[in-house]
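Asker: Protein sequence lines correspond, in order, to chains A and B.
For our numbering, add 71 to where a residue sits in the first sequence, where the first one is 1.
For our numbering, add 280 to where a residue sits in the second sequence, where the first one is 1.
All C-beta atoms, glycine included, are put in the ideal place defined by N, C-alpha and C.
The structure presented is a predicted model; accordingly, all values stated were derived computationally and were not measured.
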Amino acid sequence: MRKKYYNMVEDMKKIRVFCRIRPVNRNEAAQGGVIVVDKIDEFSVTIDTPRGQREFQFDKVFSAEASQEDLFHDTNLIQSAIDGYNVCIFAYGQTGSGKTFTMVGDKEQKNPGLMPRSFNAIFDIIRENSSKFDFKVSAYMLELYNDRLQDLFVSPAGEAHAQPQSHGQARRVEIKRNRKGVVFAQGAETKEASSAQELYALFQQACANRHISATMNVESSRSHLIVGIRVESKNLTNGSVSTGKLSLVDLAGSERAAKTGAKDHQLKEANSINKSLSALGDVISALSAELPHVPYRNSKLYATRVKAITNNAQRNVESKEIAQLKEVIMKLKSGQSVEDVDV
Amino acid sequence: MASVNSDEWRAVCDKFTNAQNLTEVESRNDPENDPFRSKYKARELLREIYCSLKSFEAGEGEEESGGESGEQRPTEQPVDGQREDGQGISGDSPAGMRAAKLGAVEYYLGVNHVDTEELSAGQEHLMNCMKLLDRCRVSSENVSLFIHVRNQLGILWAGRDETEMAQGFLETAESNYQRYMKEDGSPPIDMTEYFTSEENLLTHQERTKRFELAYTHTMYYLAQVYQNLGETERAATYCHSTLQRQLQLNQFNPMEWALNAATLSQYYITKGRYMEGRHCLSAATVISGLAGEVPSEAAAQESETESERREHLRQKRAEIARCWIKYCLNLLQDSKKLLEDNIGELDTDRQDELKRARRREEEEEEKGRKSALLFGSEDTFDSIASLEEKVLCLFPLDFTEARSVFLVGQNYVTQAKEYFQMDGYVTDHIEILQDHSSLFRALAFFEEDLERRCKMHKRRVDMLEPICNDLNSQYYLLIRRQLMFELAETYSEMMDLKLTLANRQADTQSLDNHTIKKFNSLCSASAKYFQMFLDSLCSPEGKFPEILEEEVLRPALVARFRVARLHSRLISSVPPVQLENLNRSLENYKYVVQYCEAHPEAAAAAETELELSKEMVGLLPLKINRLKARMAANN
Numbered sequence: 072m073r074k075k076y077y078n079m080v081e082d083m084k085k086i087r088v089f090c091r092i093r094p095v096n097r098n099e100a101a102q103g104g105v106i107v108v109d110k111i112d113e114f115s116v117t118i119d120t121p122r123g124q125r126e127f128q129f130d131k132v133f134s135a136e137a138s139q140e141d142l143f144h145d146t147n148l149i150q151s152a153i154d155g156y157n158v159c160i161f162a163y164g165q166t167g168s169g170k171t172f173t174m175v176g177d178k179e180q181k182n183p184g185l186m187p188r189s190f191n192a193i194f195d196i197i198r199e200n201s202s203k204f205d206f207k208v209s210a211y212m213l214e215l216y217n218d219r220l221q222d223l224f225v226s227p228a229g230e231a232h233a234q235p236q237s238h239g240q241a242r243r244v245e246i247k248r249n250r251k252g253v254v255f256a257q258g259a260e261t262k263e264a265s266s267a268q269e270l271y272a273l274f275q276q277a278c279a280n281r282h283i284s285a286t287m288n289v290e291s292s293r294s295h296l297i298v299g300i301r302v303e304s305k306n307l308t309n310g311s312v313s314t315g316k317l318s319l320v321d322l323a324g325s326e327r328a329a330k331t332g333a334k335d336h337q338l339k340e341a342n343s344i345n346k347s348l349s350a351l352g353d354v355i356s357a358l359s360a361e362l363p364h365v366p367y368r369n370s371k372l373y374a375t376r377v378k379a380i381t382n383n384a385q386r387n388v389e390s391k392e393i394a395q396l397k398e399v400i401m402k403l404k405s406g407q408s409v410e411d412v413d414v
Numbered sequence: 281m282a283s284v285n286s287d288e289w290r291a292v293c294d295k296f297t298n299a300q301n302l303t304e305v306e307s308r309n310d311p312e313n314d315p316f317r318s319k320y321k322a323r324e325l326l327r328e329i330y331c332s333l334k335s336f337e338a339g340e341g342e343e344e345s346g347g348e349s350g351e352q353r354p355t356e357q358p359v360d361g362q363r364e365d366g367q368g369i370s371g372d373s374p375a376g377m378r379a380a381k382l383g384a385v386e387y388y389l390g391v392n393h394v395d396t397e398e399l400s401a402g403q404e405h406l407m408n409c410m411k412l413l414d415r416c417r418v419s420s421e422n423v424s425l426f427i428h429v430r431n432q433l434g435i436l437w438a439g440r441d442e443t444e445m446a447q448g449f450l451e452t453a454e455s456n457y458q459r460y461m462k463e464d465g466s467p468p469i470d471m472t473e474y475f476t477s478e479e480n481l482l483t484h485q486e487r488t489k490r491f492e493l494a495y496t497h498t499m500y501y502l503a504q505v506y507q508n509l510g511e512t513e514r515a516a517t518y519c520h521s522t523l524q525r526q527l528q529l530n531q532f533n534p535m536e537w538a539l540n541a542a543t544l545s546q547y548y549i550t551k552g553r554y555m556e557g558r559h560c561l562s563a564a565t566v567i568s569g570l571a572g573e574v575p576s577e578a579a580a581q582e583s584e585t586e587s588e589r590r591e592h593l594r595q596k597r598a599e600i601a602r603c604w605i606k607y608c609l610n611l612l613q614d615s616k617k618l619l620e621d622n623i624g625e626l627d628t629d630r631q632d633e634l635k636r637a638r639r640r641e642e643e644e645e646e647k648g649r650k651s652a653l654l655f656g657s658e659d660t661f662d663s664i665a666s667l668e669e670k671v672l673c674l675f676p677l678d679f680t681e682a683r684s685v686f687l688v689g690q691n692y693v694t695q696a697k698e699y700f701q702m703d704g705y706v707t708d709h710i711e712i713l714q715d716h717s718s719l720f721r722a723l724a725f726f727e728e729d730l731e732r733r734c735k736m737h738k739r740r741v742d743m744l745e746p747i748c749n750d751l752n753s754q755y756y757l758l759i760r761r762q763l764m765f766e767l768a769e770t771y772s773e774m775m776d777l778k779l780t781l782a783n784r785q786a787d788t789q790s791l792d793n794h795t796i797k798k799f800n801s802l803c804s805a806s807a808k809y810f811q812m813f814l815d816s817l818c819s820p821e822g823k824f825p826e827i828l829e830e831e832v833l834r835p836a837l838v839a840r841f842r843v844a845r846l847h848s849r850l851i852s853s854v855p856p857v858q859l860e861n862l863n864r865s866l867e868n869y870k871y872v873v874q875y876c877e878a879h880p881e882a883a884a885a886a887e888t889e890l891e892l893s894k895e896m897v898g899l900l901p902l903k904i905n906r907l908k909a910r911m912a913a914n915n
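1. Decide if Asn540/B is buried, meaning its Cβ has at least 16 other Cβ atoms within 10 Å, or exposed.
2. Spatial neighbours of Val289/A within its chain, please: C-beta separation below 8 Å, excluding the five flanking residues on both sides.
3. Kindly confirm or deny that the segment 490 to 507 of chain B and the segment 411 to 428 of chain B touch, where touching means at least three C-beta pairs closer than 8 Å.
4. Please name the residue in Glu698/B, Tyr500/B, Arg639/B, Glu599/B whose C-alpha comes closest to that of Ser349/A.
5. Measuring only between beta-carbons, confirm whether Thr550/B sits less than 8 Å from chain A.
6. Along the chain, where does the alpha helix (DSSP H) containing Ala272/A start, and where does it finish?
7. Start and end of the beta strand (DSSP E) containing His295/A?
8. Please classify Val292/B as buried or exposed, where buried requires at least 16 neighbouring CB atoms within 10 angstroms.
9. Quick check on Gly167/A: buried or exposed, where buried means 16 or more other Cβ atoms within 10 Å of its Cβ?
10. Please list, in chain order, the chain B residues whose beta carbon lies closer than 9 Å to that of Ser349/A.
11. Only counting the same chain, and skipping five residues up and downstream in sequence, which positions put a Cβ closer than 6 Å to that of Gln785/B?
12. Could you give the first and the last residue of the continuous beta strand (DSSP E) run that contains Ala264/A?
13. Name, please, each residue of chain B whose Cβ falls closer than 8 Å to the Cβ of Glu99/A.
14. Using DSSP with H/G/I as helix, E/B as strand and the rest coil, what is Thr488/B?
15. Can you find a heavy atom of the ligand HEM that lies under 7 Å from the Cβ of Ile664/B?
16. Against Val832/B, what residues of chain A qualify as contacts under a CB-to-CB distance less than 7 Å, listed in chain order?
17. Since Ser806/B and Ser772/B should fall inside the 8 Å C-beta cutoff, what is the C-beta to C-beta distance between them, to a whole number of angstroms?
18. Using 10 angstroms around the beta-carbon of Ala909/B, count the other beta-carbons present and answer buried if the total reaches 16, otherwise exposed.
19. Chain A beta carbons: is any one of them nearer than 8 Å to that of Cys673/B?
20. Relative to the C-alpha of Glu303/A, which residue among Leu148/A, Leu185/A, Ile153/A, Lys131/A is closest?
21. Counting only beta-carbon separations shorter than 8 Å, does Ser819/B have a partner in chain A?
22. Do you know how far the Cα of Val671/B is from the Cα of Asn863/B?
23. Would you please verify whether the beta carbon of Gly123/A is less than 8 Å from any beta carbon of chain B?
24. Report the residue from Ala542/B, His847/B, Phe675/B whose alpha carbon sits nearest the alpha carbon of Asn861/B.
25. What first and last residue would you give for the beta strand (DSSP E) that runs through Thr314/A?
26. Identify every run of the alpha helix (DSSP H) within the segment 128 to 182 of chain A, keeping only runs that are complete inside it and at least 4 residues long; order them along the chain.
27. Let me check understanding here. Comparing Cα to Cα, which of Glu769/B, Ala768/B, Lys797/B, Thr770/B lies closest to Ala782/B?
28. Go ahead and label Leu618/B buried or exposed: buried means 16 or more other beta carbons lie within 10 angstroms of its beta carbon, across all protein chains shown.
29. For the segment 890 to 901 of chain B, which residues have a CB atom closer than 8 Å to at least one CB atom of chain A, in sequence order?
30. So with CB distances below 8 Å, who are the chain A contacts of Lys606/B?
31. By the three-class DSSP mapping on this structure, what secondary structure does Val108/A have?
Right, dumping it as structure tokens:
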């Protein structure tokens with residue numbers, strides 16, 4: 072099955088997979104972490120695994136030194152989107168691997184990511200072509216969380232006022248296909264923007280409405296973020312209209328890291344009922360976060376167990392050492408000659 | 281349905297069969313870009329069936345709400361309006377059957393919409409189904425549909441995070457089932473049978489099987505709902521029921537079932553419910569045996585499938601062995617917690633007390649077993665019971681009992697290691713060794729003879745030391761740290777035991793040279809491993825971290841404290857050496873005090889150690905100065 076799609080993709084060359092390597096962060100440096108990923112050339116990386124070295128091929132590899140600007144330059148498909156094509160960029164990877172940094176950038180925007188750069192590029196191109204085309208830019212922003220699409224332009228507070236009777240009518244977004252065969256998000260609000268700043272402000276508003284639960288990094292979340300920018304351009308000479316779309320998707324992190332610091336209440340987010348009895352194992356292993364042994368190799372809980380270095384947590388029972396030392400101290404303080412007391 | 285043309289009726293039945301076929305068989309072949317094609321077709325057919333049924337009714341001129349219709353519950357809220365009273369249309373009356381058939385069509389339409397991701401429409405149909413049935417009394421004609429529709433509504437609401445709504449529907453299904461089984465119990469009509477001809481009706485056996493399967497799902501969904509509500513114990517009970525039913529109804533995959541039961545045992549262990557845990561594990565072992573013989577190595581060489589099967593069976597059985605190890609280990613450790621005094625030694629008074637209390641407990645155990653949910657069918661019941669007899673589920677209270685539990689655990693260690701060999705399963709293998717070491721440690725607590733106790737600790741060292749030194753320090757940092765800490769503590773234990781032994785033998789204060797040497801070597805070994813642990817926290821350049829991260833904070837402070845203590849205990853008659861030892865000791869006590877001053881939040885992680893370190897920082901300098909003075913005087 073995979074091969075079939077791989078060949079389809081190869082033929083079309085419409086999907087490209089890039090790899091970006093993140094530099095070592097403070098935590099990792101402090102613990103003496105070793106870098107196991109190496110960029111061999113523009114298209115390949117090797118990874119050191121406990122079972123030997125493995126090589127992977129990509130359409131392009133960005134090393135840890137590559138900047139946000141470098142990345143944007145090589146993924147710049149904005150022109151295509153304006154020309155009327157649909158362009159989509161996904162960021163995929165483990166939690167903490169840097170997806171949000173790549174897509175959005177840091178909080179202070181000292182190192183803006185693909186999204187803000189795209190917003191700027193859109194309006195730059197629009198400005199350059201303003202004599203020949205009339206442009207209309209609109210955006211929708213959605214969050215996919217727990218199998219539901221949520222419109223991020225609607226604030227949770229606003230929603231709370233709107234129902235409770237109308238469970239069915241809650242602002243739920245459904246995926247539909249229109250007559251032309253184009254897939255769209257029904258029920259999602261689109262807002263227009265006339266500048267990069269406006270677009271970015273919309274984006275910030277949307278982010279404020281997201282479900283965030285801090286797993287490992289403060290900026291990561293458990294939901295997928297989907298940003299769709301529609302650019303409608305009308306040719307002023309002949310009146311023809313074309314619409315292109317740029318979709319930017321920041322996928323939720325896959326939980327596979329050993330040291331996450333995630334507390335067990337995060338795991339309770341899986342609220343949807345498993346329908347098949349074959350998932351009984353998942354249900355049982357979720358009964359407690361402290362199961363002595365989980366006999367499933369692929370369970371979420373198996374991967375995220377946080378193990379302690381020692382069982383020597385504070386207990387009510389004093390260890391012998393402590394008791395002995397207390398005795399020694401008592402002797403010393405009671406005035407016994409300090410030479411006689413064996414410390 | 282006397283007036284209905286039998287041809288018309290047959291047409292309806294055919295349509296139904298078609299719809300089922302489209303939904304279950306054809307839909308698997310639907311293309312990727314039109315995944316619901318067959319289901320949409322099925323939907324059309326179901327709608328036609330619905331219309332036909334309605335027109336049959338109109339044709340017969342009977343009203344929908346025939347019989348004694350009681351008050352109707354309000355229909356706006358999606359609440360389960362199941363009537364408790366005996367009112368309502370009789371299930372097997374014509375009106376009742378009509379309601380059931382219409383209800384069934386609504387049910388299938390509901391499921392259809394849910395499958396095609398149109399939840400609101402699905403909900404509407406399912407609610408219609410329920411309302412139709414609510415007008416009837418529960419009977420063998422409709423109870424199966426009763427359960428099914430509520431199961432579906434439960435899933436639907438749970439999918440929307442409305443757990444309490446889901447709970448309502450599922451609990452009603454549960455009580456429906458229980459009441460039906462108590463009052464009637466005959467194999468109920470299955471929903472597919474509403475539209476089948478006489479010849480194709482199901483056997484009683486098949487009806488029962490499907491009905492019971494629906495209820496098993498109710499239990500299973502309730503387990504999840506209770507878990508989402510935070511009622512873990514109830515959830516566990518329902519998981520247990522689900523497992524039990526799977527066995528009783530013979531609807532299970534042996535290995536899968538066994539692993540699930542083994543996992544459930546682990547939950548019981550966390551709650552200290554060893555009787556249930558033992559039962560789960562014994563059942564797991566017995567049922568896993570039903571999965572068949574492990575293919576021999578030779579067979580595995582020849583065929584890929586056999587090789588995979590061999591791998592699969594061996595691995596899963598080894599996993600179950602590991603669950604058993606945890607059982608034995610936790611049982612011993614919990615027992616230790618009950619029996620230990622305030623310095624961690626066995627308290628004989630408490631031991632006597634518990635032994636007296638035990639006699640009463642044994643009787644309780646018998647009663648408990650009968651009321652608890654037992655696994656098994658006729659064939660397996662005995663094998664499960666005989667496995668259970670091999671190991672205690674009550675807390676071992678003396679060495680003999682502890683030893684028996686230990687031996688069972690050790691046996692499973694051997695079993696688990698056979699599969700999880702070092703080469704290929706490093707982490708697993710080491711975890712098993714760690715468990716083995718912990719088993720020894722727990723057993724040592726019960727051993728009265730100090731010499732033998734010491735030997736047990738020596739076994740631990742012999743097991744773990746080579747591994748600790750062999751492991752790659754980059755890939756296995758955490759494991760190495762665990763091992764270092766454990767080795768350090770074990771050497772410390774041995775050191776204390778040697779000293780106690782020596783003091784008992786000699787009637788004088790002084791120790792002979794041999795003993796001193798032995799003592800010092802153990803003492804140094806302990807300090808060495810604590811230090812190794814501390815060194816593992818350093819940066820590649822060898823710098824000790826300024827700030828200790830949360831996971832290493834307490835271990836690091838404790839390690840410093842222990843190194844300090846150990847250095848001060850080294851025995852030497854040579855003053856410069858004594859001085860060196862005391863200085864090292866002071867240095868480490870100081871670190872603890874200074875770190876906690878610089879980082880006040882850290883103090884909570886090692887309160888006692890900090891307190892004592894402060895004392896020693898005050899008292900040690902006196903001793904050091906006296907020693908220096910003496911040294912100067914002698915020169």
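Answerer: According to the structure shown:
1. buried
2. In this prediction, Val289/A scores a pLDDT of 36, lower than 50, which makes its location untrustworthy; no coordinate-derived value is stated.
3. yes
4. Tyr500/B
5. At least one chain A Cβ lies under 8 Å of Thr550/B.
6. 267 to 279
7. 295 to 306
8. Val292/B is buried by the Cβ-count criterion.
9. buried
10. Asn533, Glu536
11. none
12. 262 to 264
13. Neighbours of Glu99/A on chain B: none; closest Cβ ~11 Å, over 8 Å.
14. helix
15. Among the components modelled here there is no ligand, and therefore nothing to report on the ligand HEM.
16. Ile380
17. 4 Å
18. Exposure of Ala909/B is indicated by the presence of fewer than 16 other C-beta atoms within 10 angstroms of its C-beta.
19. no
20. For the set Leu148/A, Leu185/A, Ile153/A, Lys131/A, the Cα lying nearest the Cα of Glu303/A is the one of Ile153/A.
21. yes
22. The straight-line gap from Cα to Cα measures roughly 51 Å.
23. By this cut-off, Gly123/A is not an interface position.
24. His847/B
25. Where Thr314/A is concerned, the enclosing beta strand (DSSP E) stretches over 312 to 321.
26. 139 to 145, 149 to 153, 170 to 174
27. Lys797/B
28. exposed
29. Leu892, Glu895, Met896, Leu899, Leu900
30. Pro363, His364
31. strand
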